[in-house]
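Everything on this sheet refers to the single structure shown next.
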Amino acid sequence: MALPPLSSTRCLLPLSLGLFQAVLLLFFALCVTYDEHSASPTNPEDTERVAKQLHSTFPFFQDIQVMLVVGLGMLLAFLPRYGLSALTHNFLLLNVSAQWALVLQGLLHRLQHGTTLLGLRSMISAEFAAVTVLISAGAVLGRTSPCQLLAMALCEVPVYVASEWLIVTKLGVLDVGGTITIHIFACYFGLGVSKALFGNAKPTVHPKETPTPRSDLLALLGALILWVFWPSFVAVLCQPGDTQHRAILHTLLALSAGAVTTVLISILLESNGKLSAAHLQNGSLAGGVAIGVVADLHISPAAALALGSLSSLLCILGFQFLTPLLAKKLALQDHCGIHNLHGLPGVLGAVASIVAALVAPGDGSGAGGHRQAWWQAAGLAVALGGSLLTGMLVGAALRLPCLAPPPEPLCFEDALYFKLKEGVENPPMPGSSTEGAPLAMKECV
Amino acid sequence: MALPPLSSTRCLLPLSLGLFQAVLLLFFALCVTYDEHSASPTNPEDTERVAKQLHSTFPFFQDIQVMLVVGLGMLLAFLPRYGLSALTHNFLLLNVSAQWALVLQGLLHRLQHGTTLLGLRSMISAEFAAVTVLISAGAVLGRTSPCQLLAMALCEVPVYVASEWLIVTKLGVLDVGGTITIHIFACYFGLGVSKALFGNAKPTVHPKETPTPRSDLLALLGALILWVFWPSFVAVLCQPGDTQHRAILHTLLALSAGAVTTVLISILLESNGKLSAAHLQNGSLAGGVAIGVVADLHISPAAALALGSLSSLLCILGFQFLTPLLAKKLALQDHCGIHNLHGLPGVLGAVASIVAALVAPGDGSGAGGHRQAWWQAAGLAVALGGSLLTGMLVGAALRLPCLAPPPEPLCFEDALYFKLKEGVENPPMPGSSTEGAPLAMKECV
Amino acid sequence: MALPPLSSTRCLLPLSLGLFQAVLLLFFALCVTYDEHSASPTNPEDTERVAKQLHSTFPFFQDIQVMLVVGLGMLLAFLPRYGLSALTHNFLLLNVSAQWALVLQGLLHRLQHGTTLLGLRSMISAEFAAVTVLISAGAVLGRTSPCQLLAMALCEVPVYVASEWLIVTKLGVLDVGGTITIHIFACYFGLGVSKALFGNAKPTVHPKETPTPRSDLLALLGALILWVFWPSFVAVLCQPGDTQHRAILHTLLALSAGAVTTVLISILLESNGKLSAAHLQNGSLAGGVAIGVVADLHISPAAALALGSLSSLLCILGFQFLTPLLAKKLALQDHCGIHNLHGLPGVLGAVASIVAALVAPGDGSGAGGHRQAWWQAAGLAVALGGSLLTGMLVGAALRLPCLAPPPEPLCFEDALYFKLKEGVENPPMPGSSTEGAPLAMKECV
């Protein structure tokens, strides 16, 4: 079967990438200067201070880069014939979104303070904005073209910047690990996009959508990389000292309890007492999602353990029962199960932060605690509602034919986007399972 | 062939995991408070001090997490059809053992000082306890069920805590990198378990026990990850300053000399001048095992190089000659060759520490040096003898049928523990080599 | 087909490795002492200073180790049947070259200052010397024996040490990220070796030289690991403080712009609007090569973005047009395309550093800037000319038959150097494509 003409991709994708990079270059040339830490300070004490801040932040930053580029990339490569595309789309989206967020957050700073400064801190904020795009993309992975994903990124980043500004700066929501601002926002934005993009077509299982043991192994390695570096993600923007120490400890405990609970629940739910690789890949990370919003508070180690266990339980129950239900009732497609990994544990974490605000004595009980609890609830509502709404608008826009959605038989197929060696390029007939494909095909992943 | 009923796994494993997590939660809720670094300090100087200590320890901690979760996991995935299980069992054992060690070490601290404190330092000590379980499991990898491994972990951790307390606190043995307390202890514990568990049945090579080039590549990558981060493991608990610097340098030199020697010896020993992947995966790490016990002493760079070379030599000779001999004479099964990687180089390192105590002028020659040499020898004897004995007791207990040992034809087989896609689930007939298996089977890793 | 007798490898390689390790041991025993940071300081302030320097350098050092051992190793494993060899040769070369550089740089220091000191800084310098060998080896990967590669390493390291001393110490060239001293030097040395070694034989595409989607995925992961840690490589030797901060920011911007440009250009150039995995693996790193020489200067963020984009453009154009041209006109073999990744972006970076010296007001315009521009140009000329010349001499020496060059049909074949399981050992007939090979062969990677 011949591949369809990809003229629109061939023109539109390079054109928009080129235009994007050119506009960005112009913006940087006109508006961006170094921040105080990268401009030359005039005295040794300043140099010392800058060096100290750099050395205390840079290792965290590198950990986060490994998570996003390597860990998440490998996790997304769980589809046996879509590894190269998943890794590449993730990498491209990260770069475009982070640069785009640098511009927008720079402009916001310019509006407020008169200049756009550049430093490692602004890089981290921009990475965080990019994370939302990477998470949302998980809902539509494999059934969307790079053009569609890029269009989504260009729309989602400004919404995130506005939402984060509203939630954190205006409402004063406490959310050091981005549970509300990043995970919940990104999840419901992605689900909104998926719903509006795919409409009411009942989701079917594509023959190429099933992982093999080999692709599952790679994805599990990716999940473990994310698991290892998760504390850096939660704690990078914490106040150095005891606050940051507490955030790291709570995240470690939540992740560890989540890992044990995941194995426990997966064996209980699966027939014959076997584990599911998908449960492991997601459930072991759920604790990290939930703990983010309370990690730096005095919630006690036991609470961190309990929250981690509960999140993993919720995540796996979501995979087992909620995802099929949503697919059946709402025709909702969620290819990587982002609702189970980011949505449910995120909401659980947000609820925990409300409870923590109400009961924690040290964090201002009485009037202060009650007020903070209201703000946390308001933040949850804004993130959830706003993202779902804007996500559906963006999803409707992604139906434009010029964005070159992949034809159904070529979904989840590297050959559509990559020049592969001969004998591998032509995918099997649509609908045929990989079992019946010629040998050369099977070898391709 | 139908899989055997796994009712005992289905009931026992989740039950024990659930019970374990519940007891642990209770303990944390009742007994654990933050340590001085995670509780809120009252003045800026304290905050500064806490921040400094955190930033100087956390990167080391993350390196060790990468080693244990990603590096060791990949190294253990050298069996082509057992990658998912090896990675998952390693991950589960790490989490259960570390939490269990947190409790036990917390109780020990409570006995001595009245409170159980929690901080990054206690996390590192708990990780070290967990390492012993991961090493010991290497002796019985593939022929044990998760229930058996969990039971082993629950028994091994208290023995380790007691042994480490006796060797380091009571005997005053110097062992910054855990050569005696971790590597030797874990190795002989694992061998004891293996001997008592498998009895006098002559070890046979299982048809699924042979690595493929692809699984060897993954395992080699895992070994290289361990190689890269090994200096962090050795130096994390060193006194900051020159001592830590020296420990890092010595470890780097020993590992580098070991890598060169490994290639040299492997080519000399193998027929036709070819390398063995197993030699590379283990020999290049042996230097790191041996150097741990003397890394922070003034042993001179040349001694570090020599120790690294000797360890790798010993390790490869062990693989080539000792392992077959032990299998033949003692019917001893050691699936990952932990005796060659942890036992022999560990003993070599311990001997080196005795020599170093005798000859080093700066570390107290004369009476002091002689006394320390005796303590080092006593530590070696305690670690070796105690672990072998308790390991055999634990191994005998693991023969309980309710722990669901895998039936011989399903050893080294992911399909026993993982829900795999159709056509892959059913393993080939027992005894048949993978060469004759249907195509779908071969593809599964 | 029987493998050829490898007697020379069997004798020569272990012999030379053993001799090398023995000589090195002797040198260390006689000449090397700790540097000021690893010898015992006498007062707490010194300890504090040493600890601070160690904690600010060690995370960078570990990042670089991951790049060289894991990232580069995986990138070189893009050939489906040569993964184990590529990874192992890279690892062996790194260790031999770094030890050899420690000796030579130690002797140079001894000549100038009377002693040979050892510390983390000297380890980093030695690693940098080893990087040149790893890059140069990319030009002849798969068609050279370990003996030949070792001989090359032993020759290249002294030339690098001399060249680096001349360029940086004598000419005062500014090159914080090693663009001129490492990348340009290594590239043209490797091309010189390749030209002299393979002579005027027209390069043909070997049937085993084509990557599969699976090996491409592994190589892409390796490239992404390099991409993530590249800022550490560029900034490790920077002055702590604002200079280092700037170097990190510029490298991040250049790499990010390069990633976007790579996708853009690859889609434009490839037929049907598809991506090439080779373009991605190399183009996304080109920005890091070019930025090294100007990363710590006040070049402005926009210039970093522009330089990153331009480098990637140049790199991909090189793959598409220059490599075939050089192969046709000069019969030049460059198996990994090091000229496109290291040569072209390196020269671009060097030119940028000349321009920066001419125009940058803060870095001494007028007479000072002009003079520095001349030095940068002189450095470029020395690195390029010197490496090409010495590389050709070394390449001619590598034609010695005793260095056991692999026979053409066994090039790019792990079975030549590794003991593989039965049924995999015998490679297919020369010239036959892998498509026609028996099943067991195909499975081997």
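Protein chains in written order, with our numbering: chain A, 1 to 445; chain B, 1001 to 1445; chain C, 2001 to 2445. Glycine is no exception: its CB is placed at the ideal position from the N, C-alpha and C atoms. These numbers come from a predicted model, not from an experiment.
- Around residue 1244/B, the beta-carbon contacts reaching into chain C at under 8 Å are 2051, 2054.
- Neighbourhood of residue 2227/C in chain A, by CB distance below 7 Å: 69, in chain order.
- Note on geometry: alpha-carbon atoms of residue 1381/B and residue 1018/B lie some 37 Å from one another.
- Given a length threshold of 4 residues, each whole run of the alpha helix (DSSP H) inside the segment 2087 to 2155 of chain C is given here in chain order: 2120 to 2137.
- Taking 9 Å as the upper bound on Cβ-Cβ separation, chain B lies near no residue of the segment 98 to 131 of chain A.
- If you draw a straight line from the Cα of residue 186/A to the Cα of residue 323/A, it is about 17 Å long.
- In this structure, DSSP gives residue 2204/C a state outside helix and strand, which the three-state scheme calls coil.
- Here DSSP, grouped into helix, strand and coil, assigns residue 1033/B to strand.
- When the five nearest sequence neighbours on each side are left out, the beta carbons in the same chain lying within less than 8 Å of the beta carbon of residue 2249/C are those of 2301, 2304, in order along the chain.
- Distance between residue 1202/B and residue 1333/B, taken at the CA atoms: about 8 Å.
- For residue 2270/C, the nearest beta carbon of chain A is closer than 8 Å to its own beta carbon.
- With a beta-carbon spacing of about 7 Å, residue 1261/B and residue 2021/C fall inside the 8 Å limit used to define contacts.
- Neighbours of residue 2275/C across chain B, judged by C-beta separation under 9 Å, do not exist; the nearest C-beta is about 25 Å away.
- No Cβ of chain A is located within less than 8 Å of the beta carbon of residue 2140/C.
- Distance check between residue 329/A and each of 385/A, 61/A, 291/A, 199/A places 199/A closest, using alpha-carbon atoms only.
- The DSSP-derived three-state label of residue 1420/B is coil.
- Around the beta carbon of residue 1336/B, 16 or more other beta carbons sit within 10 angstroms, so the residue counts as buried.
- Judged by DSSP in its simplified three-state form, residue 275/A adopts strand.
- With distances taken between CA atoms, residue 2024/C lies nearest to 2106/C out of 2060/C, 2106/C, 2140/C.
- In this structure, residue 1219/B keeps its C-beta atom at 8 Å or more from the C-beta atom of residue 1392/B.
- Look at residue 1078/B here: in three-state DSSP terms it is coil, with no helix or strand label.
- Counting along the chain, residue 1306/B sits inside the alpha helix (DSSP H) bounded by residues 1301 to 1317.
- Of the residues assessed, residue 325/A falls on the exposed side of the cut-off, its CB having fewer than 16 other CB atoms within 10 angstroms.
- Each of 1225/B, 1108/B, 1212/B was checked against the Cα of residue 1158/B, and the nearest Cα belongs to 1108/B.
- Counted as a single uninterrupted DSSP element, the alpha helix (DSSP H) harbouring residue 2189/C occupies residues 2185 to 2198.
- Only buried fits residue 315/A, as 16 or more other CB atoms lie within 10 angstroms of its CB.
- By the beta-carbon neighbour count (other beta carbons within 10 angstroms, threshold 16), residue 2214/C is buried.
- Proximity of residue 1406/B to chain A, defined by a Cβ-Cβ separation below 8 Å, is not satisfied.
- With a contact defined as Cβ atoms closer than 8 Å, residue 1287/B and residue 1254/B qualify at about 4 Å.
- DSSP places residue 2282/C in the helix class (H, G or I) of the three-state scheme.
- Around residue 2345/C, the same chain offers 2286, 2289, 2290, 2311, 2314, 2315 as residues with beta carbons nearer than 7 Å, after the five sequence neighbours per side are excluded.
- Judged by pairs of C-beta atoms under 8 Å, the segment 226 to 235 of chain A touches the segment 58 to 75 of chain A, as three or more such pairs exist.
- Secondary structure note for residue 1170/B: it is in no alpha helix (DSSP H), with a DSSP letter that is neither H nor E.
- Not one beta carbon of chain B lies nearer than 8 Å to the beta carbon of residue 345/A.
- Across the segment 294 to 313 of chain A, CB contacts with chain B closer than 9 Å involve 298, 300, 301, 302, 303, 304, 305, 306, 309, in sequence order along the chain.
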